[in-house]
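Since the structure comes first, as structure tokens, the remarks are kept for the end.
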Amino acid sequence: MKNSSKKWIKISSVTTAAVFFILILYWQNMKPDVAIIENIPGMDKPSGEIIQKIESIKIGEKFEKLTEETSSLNSAWSAFRGTDRKNIATSTISINENWDAKPPKLVWKAKMGEGHAAPAIWKGIAYILDYDEVKKEDVLRSFNIETGKELWRRSYKVHLKRNHGMSRTVPAVTEKFIVTLGPRGHVMCMERTSGNLLWVIDIEKEYESEIPFWYTGQCPLIDNETAIIATGGKNLLIAVDCNTGKILWQSPNEKKWKMSHSSVMPMIFEDVKMYVYAAVGGLCGIEAEGENAGKILFEITDFSPQVVAPSPVQLDKSRIFITAGYGAGSAVITIKKSDTNFLAKTEKKFTPGAGAASEQQTPVMINGFMYIIMPKDAGAMKNQFICFHPSDCGKAVWSSGKKDRYGLGPYMVINDKFLILNDDGTLTMLKVSDKNFIKITERKLFEGQDAWGPLAFADGYLLLRDSKNLFCFDLK
Amino acid sequence: MDRRKFLKTGFQAAAFISIASVGGYLAHQTLNDELVWQIDPYKCTQCGRCADSCVLSQSAVKCVHVYKMCGYCDLCGGYFVPQAKELNTGAENQLCPTKALKRTFVEKPYYKYEIDEALCIGCAKCVKGCEAFGNGSLHLQVVQSICKNCNQCSIAKVCPSDAFVRVPTNKAYLLKSGWKG
Chain A
5 MKNSSKKWIK ISSVTTAAVF FILILYWQNM KPDVAIIENI PGMDKPSGEI IQKIESIKIG
65 EKFEKLTEET SSLNSAWSAF RGTDRKNIAT STISINENWD AKPPKLVWKA KMGEGHAAPA
125 IWKGIAYILD YDEVKKEDVL RSFNIETGKE LWRRSYKVHL KRNHGMSRTV PAVTEKFIVT
185 LGPRGHVMCM ERTSGNLLWV IDIEKEYESE IPFWYTGQCP LIDNETAIIA TGGKNLLIAV
245 DCNTGKILWQ SPNEKKWKMS HSSVMPMIFE DVKMYVYAAV GGLCGIEAEG ENAGKILFEI
305 TDFSPQVVAP SPVQLDKSRI FITAGYGAGS AVITIKKSDT NFLAKTEKKF TPGAGAASEQ
365 QTPVMINGFM YIIMPKDAGA MKNQFICFHP SDCGKAVWSS GKKDRYGLGP YMVINDKFLI
425 LNDDGTLTML KVSDKNFIKI TERKLFEGQD AWGPLAFADG YLLLRDSKNL FCFDLK
Chain B
314 MDRRKFLKTG FQAAAFISIA SVGGYLAHQT LNDELVWQID PYKCTQCGRC ADSCVLSQSA
374 VKCVHVYKMC GYCDLCGGYF VPQAKELNTG AENQLCPTKA LKRTFVEKPY YKYEIDEALC
434 IGCAKCVKGC EAFGNGSLHL QVVQSICKNC NQCSIAKVCP SDAFVRVPTN KAYLLKSGWK
494 G
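Sequences listed follow chains A and B, in order. Its first residue numbered 5, the first sequence is counted upward by one per residue in the working numbering. Its first residue numbered 314, the second sequence is counted upward by one per residue in the working numbering.
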């Protein structure tokens with residue numbers, strides 16, 4: 005190649021590089037046609053300061069006697085998921101299965117404030133913590149389940165804003181006591197028969213607890229005349245003597261876990277009784293009895309979604325199933341005893357479509373199998389009722405199939421039958437079977453909306469609700 | 314005015330009113346008979362094809378919000394990615410790829426969620442989130458002022474759930490009804 009050609013190539017290369025460099029510089033310094041706005045935290049905040057009104061709430065301040073009536077009924081559905089929190093009712097009264105010939109009979113209906121709170125039943129009386137939208141009050145209402153007559157009310161003024169319903173808890177009832185937990189964390193303990201107020205706790209104020217999104221969903225537990233409440237905030241769990249209101253123990257909350265919608269579940273591992281709680285932050289087991297009551301036996305943070313509504317379920321002697329909605333899926337946690345404590349380890353985690361999961365309702369364990377309604381984000385299994393064996397929560401034993409899907413509504417077992425209430429008020433009866441999905445009958449009981457409150461059953465009467473009404477049906 | 318003139322004027326006025334009424338009725342019927350494309354929100358499966366199958370460079374399909382159903386949660390499944398680390402306006406927490414869904418604080422615990430139609434591309438990411446974790450108050454609709462109303466809608470051709478339907482112009486939107494009671 006001639007020298008002049010080489011020189012020419014050099015010059016043109018340098019010139020091209022220079023032009024390219026200048027163009028890059030120009031492009032770098034050029035302002036974009038459209039202003040770029042960064043998405044950073046805090047862009048949704050108000051310009052001014054938020055002024056928080058301080059309310060003076062006198063928990064349980066009002067009492068109103070409405071009717072003097074007694075009931076001869078004797079059974080109970082004493083708390084969330086029944087007396088033993090398993091959601092299984094055993095009834096000596098025969099349940100009618102032929103709904104074509106004899107549909108469930110509506111015994112009575114009562115207007116409720118918008119919400120998902122459900123009743124507990126004790127000896128023919130149903131107790132429900134409602135919200136009176138006109139008076140702006142949390143109100144414990146009691147109904148005779150045979151007649152629907154309202155017996156008495158205990159209430160207190162508290163301002164709630166509509167937030168996908170207001171009320172959403174189930175009271176705990178014993179022969180002597182009723183304990184309620186209100187939407188904003190107000191606890192009342194009353195004498196069951198008279199409604200006399202025994203003691204109160206303002207959890208939000210006294211324990212600096214953060215009330216979960218859409219208000220409190222946790223249902224209190226009474227265990228041997230002791231009320232167990234997960235407070236979050238300053239303490240994780242507290243135990244209160246129902247007779248005196250005295251705090252018996254308080255579990256520490258060093259990790260600052262928050263209150264969830266999940267309820268405290270008693271479980272036994274290696275002969276040690278513990279209260280298992282799925283907080284916002286993690287899962288823990290708290291010693292239930294003895295001199296170490298209140299001590300944290302295990303805690304695990306592997307499964308800690310922002311919202312947890314279902315309660316943990318004991319799968320077998322050493323495993324817990326925990327699930328949540330909003331994309332969280334589920335996890336199986338193994339509990340093993342170490343020298344002085346217990347060790348919790350995640351055995352497996354499942355995304356919503358890959359294994360058992362639930363958004364709101366707690367699954368039912370019966371005859372060694374787990375039954376669950378899958379969440380909306382479970383792909384093809386969306387809203388199907390599914391049976392799993394605890395050995396593999398990723399593999400369905402059977403499913404209800406494409407045609408039989410259910411919503412966010414509750415389900416329970418009465419003897420050997422499942423009852424499932426769909427969001428719209430359709431009640432389905434299934435046979436409890438670990439072999440197949442066996443539908444017995446189905447009927448639309450009412451024109452409902454968001455019928456999500458847990459079911460309650462006693463003495464042949466089924467209590468169920470939609471967002472605005474409580475219904476009592478005779479299933480006999 | 315004499316009697317003859319009065320009757321003549323009266324008949325003329327009556328004839329004019331009759332012709333106008335018949336004309337108006339026919340025009341109304343014609344308008345009603347004209348059909349436009351719309352999405353049945355109860356059939357839509359939020360597949361995302363509306364965003365890139367429209368003949369327009371930016372799809373005529375946009376997200377709409379039925380406020381009477383929802384539109385105020387702090388934790389909004391339509392706004393936040395599942396399991397968002399924090400519930401704030403940080404880009405990493407948002408589902409919308411174009412920032413068309415705007416979140417504004419109203420009062421504790423309420424937030425307002427508004428859709429910027431100019432930015433919305435109809436990708437249905439927010440609709441899917443709202444459907445899965447909320448009550449479906451966000452859903453897709455064909456915006457009639459943008460839609461070219463093609464004889465053969467290119468999105469309808471690829472819609473896997475037959476959610477595209479023809480509706481009369483006087484009922485051009487199929488919004489979810491919300492509360493029944």
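We put the CB at the ideal spot given by N, CA and C, even for glycine.
Here the C-alpha atom of A/L252 lies approximately 9 Å from the C-alpha atom of A/G298. Runs of the beta strand (DSSP E) lying entirely within the segment 113-143 of chain A and spanning at least 3 residues, in chain order: 124-126, 129-136.
Boundaries of the alpha helix (DSSP H) harbouring B/D365: 363-366, taken from the DSSP string.
For B/T402, the nearest CB of chain A lies under 7 Å from its own CB, placing it at the interface with that chain. Annotation: the continuous beta strand (DSSP E) that includes B/F477 extends over 477-481.
The alpha-carbon separation between A/D463 and A/T94 amounts to approximately 10 Å. For A/I44, the residues of chain B that pass the 8 Å Cβ criterion are T402, G403, A404, in the order they occur in the chain. Taking 9 Å as the cut-off between beta carbons, the residues of the segment 319-348 of chain A near chain B are G329, Y330, G331, A332, in sequence order. Here A/D142 is actually not in contact with A/Y131; their C-beta atoms are around 13 Å apart, not less than 8 Å.
Remark: C-beta atoms of A/P356 and A/D381 approach each other more closely than 7 Å. Under the Cβ criterion (8 Å, minimum of three pairs), the segment 444-460 of chain A does not count as touching the segment 46-66 of chain A. The three-state reading of DSSP puts A/E150 in coil, since its state is none of H, G, I, E or B. Put simply, the backbone Cα of B/C443 is about 57 Å away from that of A/S17. When only Cα atoms are considered, B/R416 and A/I40 end up about 18 Å apart. When Cβ-Cβ separations below 7 Å define contact, A/D37 makes no contact with chain B. Per DSSP, the beta bridge partners of B/C376 are B/L453. In this structure, the alpha-carbon of A/F273 lies about 8 Å from that of A/K341. Taken through DSSP and simplified to helix, strand or coil, B/T417 comes out as strand. Taking the beta carbon of A/N167 as reference, the chain B residues within 7 Å of it are P422, listed in sequence order.
Between the alpha carbons of B/K489 and B/G361 lies a gap of roughly 19 Å. Contact holds between the segment 421-440 of chain B and the segment 364-376 of chain B, because three or more Cβ pairs, one in each stretch, are under 8 Å apart. Against B/A476, chain A offers no close residue; the least beta-carbon distance is about 17 Å (beta-carbon pairs closer than 9 Å). Using a CB distance below 9 Å, the part of the segment 437-458 of chain A facing chain B consists of E451, G452, Q453, D454, ordered along the chain. Contacts with chain A at 7 Å (Cβ-Cβ) do not include B/F329. In the three-state scheme derived from DSSP, where H, G and I count as helix and E and B as strand, B/C433 is classed as coil. Counting only Cβ-Cβ distances below 9 Å, B/E399 has contacts in chain A at P45, in chain order. Residues of chain A whose Cβ lies closer than 9 Å to the Cβ of B/K412 are, in chain order, I41, N43.
B/N401 and A/R196 have their C-alpha atoms some 45 Å from each other.
Contact between the segment 463-477 of chain A and the segment 139-154 of chain A is established, with three or more Cβ pairs separated by less than 8 Å.
Excluding five sequence positions before and after B/I459, the CB atoms of its chain that fall closer than 6 Å to its own CB belong to A373, given in chain order. When 7 Å is used as the limit between beta carbons, A/V311 is near these residues of chain B: L388, in chain order. According to the DSSP assignment, A/A328 belongs to the beta strand (DSSP E) that extends over 323-328. For the segment 216-245 of chain A, the beta-carbon criterion of a distance under 8 Å to any beta-carbon of chain B is satisfied by F217, W218. Inter-segment contact for the segment 173-182 of chain A and the segment 306-326 of chain A is absent: fewer than three beta-carbon pairs are separated by less than 8 Å.
With contacts defined by Cβ atoms closer than 7 Å, A/D48 and B/F446 do not form a contacting pair. Nearest Cα to A/T350 within the set A/H190, A/L287, A/D427: A/L287.
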